[in-house]
Amino acid sequence: MADCIFCQIANGQVDSEIVYQDELAVAFRDLNPQAPTHIVLIPRQHIVSLDAAREEHSELLGHLALVAAEIARQQDLAEGGYRLVTNVGPDAGQSVAHLHFHIIGGRPMGWPPG
Ligand code: 5GP
Ligand code: ZN
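Residue numbers for the sequence shown follow my numbering, so the first one is 13 and each next one is one higher.
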């Protein structure tokens, strides 16, 4: 998607601090971090949100979940713990219409989020 900021990050048109990439996924530091470590993990494929995911995406979604855990270990978050979040639609505050998972950690977090 030419006008999608996360597609532009994935294909290198827009700079970001990339912490992980493979043939299916890219992860980069959030521009507006909500915790000491805040990474955004996206599929290279433009999928609008989890609501747009279908059976054909199940292998990709499994890959993203395992990559999220691997990134958390690489970022030394696994011992203290971390949160993996995907916002879907307006009530959740989704601001970029390209499926993404926030990997957030490095401080204690309350529940539920506000
Ligand atoms: P959402 O609110 O859609 O769940 O999350 C989108 C996230 O993407 C936000 O946390 C926002 O700070 C981050 N973000 C938006 N645009 C950019 C960008 O151009 N670069 C980076 N690194 N992060 C971005
Ligand atoms: Zn996109």
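Note that CB positions come from ideal geometry on N, CA and C, so glycine has one too. These numbers were taken from a predicted model, which means no experiment stands behind them.
Any non-hydrogen atom of ligand 1 closer than 7 Å to residue i Cβ
i	result
N23	no
F113	no
G105	yes
Opposing strand residues paired with residue i [DSSP bridges]
i	result
T49	G117
Beta carbon of residue i nearer than 8 Å to that of residue j
i	j	result
A37	R66	no
I92	N99	Ile is not the amino acid found at residue 92; the sequence shown has Gly there. Cβ distance not < 8 Å, so G92 and N99 don't count as in contact.
Heavy atom of ligand 2 within 7 Å of residue i beta-carbon
i	result
F40	no
H58	yes
H69	no
Environment of residue i [buried if 16+ CB atoms lie within 10 Å]
i	result
V26	exposed
V97	exposed
I43	Strictly speaking, residue 43 in this sequence is Leu, with Ile absent from that position. Classification of L43: exposed, given that the 10 Å Cβ count is below 16.
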